[in-house]
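Undergrad:
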Amino acid sequence: MAYGGLFGADVPRLPLPRLRCQAVSKEVLRVRRHCPRRHWLPSNRCLQRAAPTLLVAAGAAAGRACKRSMARMERVVFLGTGSAVPVPGQRNMSSLAVMLDTGGIILVDCGEGTQHHIKVSTLLKLSRIEVILLTHLHGDHCYGLFGVLSTAAIEGRKDPILIVGPQGIQDMVESMLRFSGGWVAEENFKIEYLEIPNIGVEGEDLVGPHGSGPRGLGFHPERCRRAAAVPLGILAGLKVQAVPLVHGIPDWGYVLTEPDRPGKLDAAKAQKLGIPRSPLMGRLKKGETVTLDNGSVVHPEEVLGPPIAGRTFAVLQDTSDARSAIKPCHYANCVVHEATFEAAMEEDALKKGHSTSVMAARFAVACEAKRLVLSHFSARYAKTSDVENDDGCDPAEKLGEEAREVVGNVPVTVAQDFMAGELGLAGRMIGVFCLFPSVDFLFPFHVARIKFLFSTFICYGQCFLSCGRPNHKPSTILPETDDVNCSKMGYKFIVGFTTFFQYCGSGVG
1462 MAYGGLFGAD VPRLPLPRLR CQAVSKEVLR VRRHCPRRHW LPSNRCLQRA APTLLVAAGA
1522 AAGRACKRSM ARMERVVFLG TGSAVPVPGQ RNMSSLAVML DTGGIILVDC GEGTQHHIKV
1582 STLLKLSRIE VILLTHLHGD HCYGLFGVLS TAAIEGRKDP ILIVGPQGIQ DMVESMLRFS
1642 GGWVAEENFK IEYLEIPNIG VEGEDLVGPH GSGPRGLGFH PERCRRAAAV PLGILAGLKV
1702 QAVPLVHGIP DWGYVLTEPD RPGKLDAAKA QKLGIPRSPL MGRLKKGETV TLDNGSVVHP
1762 EEVLGPPIAG RTFAVLQDTS DARSAIKPCH YANCVVHEAT FEAAMEEDAL KKGHSTSVMA
1822 ARFAVACEAK RLVLSHFSAR YAKTSDVEND DGCDPAEKLG EEAREVVGNV PVTVAQDFMA
1882 GELGLAGRMI GVFCLFPSVD FLFPFHVARI KFLFSTFICY GQCFLSCGRP NHKPSTILPE
1942 TDDVNCSKMG YKFIVGFTTF FQYCGSGVG
């Protein structure tokens, strides 16, 4: 049966190894032989015996599911930057979307209310989501998953979706779908799973007899620090690694890396080799070997410069110790690190398995990241209607200032809901804009509509301004703006501006 089969009581569920390790049938059978049928997941001892093979096979299966061989990260959109307690109109539960140049989306975490923010955003569509990466199974990071799947099915989605997460995510999703009426893949879409077992790539048990957290369920701090990153293969065109993090339950950070691109084409050298100005040069630029009319063969290495390294983007949520991610995140273009508390609350943060702004900054310094983005803020840093916050400043900016004192020249960004930014080659976030949460207090009954209009206004404004730059391709913030000339963009800019303020005026009355 395929991954997305009927999840009903009358249909037996396949054991985990067979489900996604088709490439290593002998090893899978060996694991299954040690797994009693009554267990949904094999024991840690069983997994340890086949750990390296299972992980490689799981990554290969996931790579087959996401057929794109190469992609580039275009933009990051923050859908939720709060922690366990949401702040209505300001910070939703944790979630962010990585937009790819292929049109696909990788969603990292899916807290409650994520689909609402996707619907409000002018940049994202549920139908574009290819992969969902879940860091851990605390509710503020995964309870929005069921709504996303349900709405996607109602809207007629047919493409499969891959859910990656810690051990137990498949059981959680299938239980919810089964008790809510069942799920027929042929009528909806296939749901594929890639569960990361609680073991390292060398077969070591990461939890052990004395795990972290109040119940001892999280990864053991010492074992976690020594563990290497777990390769998950190529997902949606990006190389994805999972790194174990110290928290109250099994928790994984994700490091996304673009494939290396071919180097710059030396046109003069190509002409000397007899290559005419033709589509052959384009094929060489893509890394393909070409054959000329005279029968000579030209390899791309002969005319291309050194390969251009792909950019790295990392998301490290809910952790009090992310040292296992230092090596995979070395020279990362952008690191999103949780900063639930301010520096003065470090003792409380460690007890609860979280980080402070200074702890996040120390990590950025250790891995020499090019940009640090703070997220996952406690509800204590919410804006209020008190006089002390009348200046409109975000209380979480205090955490940003603490981090800046530690990292020096490394840019630090305090994430907000609906903040979007393009990843620059030097770690810059280009074209950052945000829907200001204060709007929600002014027009509580028209929040969704105003956010939509305002985000449209900002998007068109950025596209219009970009047209005036010399040798600058128009921004692709909206899909339809690629081939639109400046006059049309100016018109849409004015229309968006006018419509937004007309609606604001009617909302006041």
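Sequence positions in the sequence shown follow our numbering and run 1462 to 1970.
Glycine included, every Cβ here is placed at the ideal spot set by N, Cα and C.
From a predicted model like this one, the values you see are computed outputs, not experimental measurements.
1) What is the DSSP secondary structure of Gln-1631, counted as helix, strand or coil?
2) Look at Gly-1605 and Gln-1576 and say whether their C-beta atoms are less than 8 Å apart.
3) In the DSSP assignment, find the beta strand (DSSP E) that holds Gln-1702 and state where it starts and stops.
4) So, are the CB atoms of Leu-1777 and Ala-1770 less than 8 Å apart?
5) Can you list, in chain order, the residues of its chain with a C-beta nearer than 6 Å to that of Ala-1840? Leave out the 5 residues immediately preceding and following it.
6) Does the distance from the CB of Phe-1539 to the CB of Asp-1878 come in under 8 Å?
7) Whole angstroms are fine: how far does the CA of Glu-1591 sit from the CA of Glu-1653?
8) Take Asp-1712 as the anchor and find which of Ala-1864, Met-1554, Leu-1667 and Leu-1741 has the nearest alpha-carbon.
9) Nearest-angstrom Cα distance between Phe-1904 and Lys-1844?
10) Within a Cβ cutoff of 8 Å, which residues of the same chain sit near Gly-1861, ignoring the five residues on either side of it in sequence?
11) Just to confirm the assignment, what range does the alpha helix (DSSP H) spanning Thr-1817 have?
12) What would DSSP say about Cys-1928, mapped onto helix, strand or coil?
13) Please return the same chain residues whose Cβ sits closer than 7 Å to the Cβ of Ala-1697, not counting the five positions on each side in sequence.
14) Quick check: the segment 1636-1645 against the segment 1698-1717, are at least 3 beta-carbon pairs closer than 8 Å?
15) Between Ala-1825 and Val-1796, is the Cβ-Cβ spacing less than 8 Å?
16) Within 10 Å of its beta-carbon, does Tyr-1842 have 16 or more other beta-carbons around it, so buried, or fewer, so exposed?
17) Quick check on Leu-1833: buried or exposed, where buried means 16 or more other Cβ atoms within 10 Å of its Cβ?
18) Per DSSP, Tyr-1715 forms a beta bridge with which residues?
19) What does a CB cutoff of less than 7 Å around Phe-1802 pick up in its chain, not counting 5 residues either side in sequence?
20) Relative to the C-alpha of Val-1559, which candidate in Tyr-1792, Ala-1827, Glu-1858 and Phe-1774 has its C-alpha closest?
21) What are the partner residues of His-1798, as DSSP defines its beta bridges?
22) How is Pro-1692 classed by DSSP in three states: helix, strand or coil?
23) Compute the Euclidean distance between the alpha carbons of Arg-1772 and Glu-1647, then round it to the nearest angstrom.
24) Go to Glu-1863, then tell me how far its alpha helix (DSSP H) extends in each direction, as first and last residue.
25) Enumerate in chain order the residues of its own chain whose CB-to-CB distance from Lys-1747 is below 7 Å, with the five nearest sequence positions on each side excluded.
26) Sorted by chain position, which residues of the same chain lie with C-beta nearer than 6 Å to Leu-1734's C-beta, five sequence neighbours on each side aside?
27) Less than 8 Å separating the beta-carbons of Leu-1717 and Leu-1699?
28) Just to confirm my understanding: we take Leu-1741, look at its own chain, exclude 5 residues before and 5 after, and list those with CB closer than 7 Å. What are they?
29) Using beta-carbon positions only, say whether His-1671 and Thr-1780 come within less than 8 Å of one another.
30) If you run the structure through DSSP and keep just helix, strand and coil, what is Val-1826?
31) Where do the ends of the beta strand (DSSP E) carrying Thr-1874 lie?
TA: Answer, in terms of the structure:
1) helix
2) yes
3) 1699-1706
4) no
5) Val-1546 and Val-1548
6) yes
7) 10 Å
8) Leu-1667
9) For Phe-1904, the predicted model reports a pLDDT of 35, less than 50, meaning its position is unreliable and no value from the coordinates is stated.
10) Ser-1818, Leu-1835, Val-1873, Thr-1874 and Val-1875
11) Counting along the chain, Thr-1817 falls outside any alpha helix (DSSP H), and DSSP gives it neither H nor E.
12) In this prediction, Cys-1928 scores a pLDDT of 43, lower than 50, which makes its location untrustworthy; the coordinate-derived value is nonetheless stated afterwards. In the structure shown, Cys-1928 sits in a helix (DSSP, three-state: H, G or I).
13) Cys-1527, Arg-1529, Ala-1532, Leu-1561, Gly-1565, Ile-1567, Glu-1591 and Val-1592
14) no
15) yes
16) buried
17) buried
18) Ala-1703 and Val-1776
19) Asp-1809, Ala-1810, His-1815, Thr-1817 and Ser-1839
20) Phe-1774
21) Leu-1777 and Leu-1835
22) strand
23) 37 Å
24) 1858-1868
25) Pro-1723
26) Val-1759
27) yes
28) Val-1751
29) no
30) helix
31) 1873-1875
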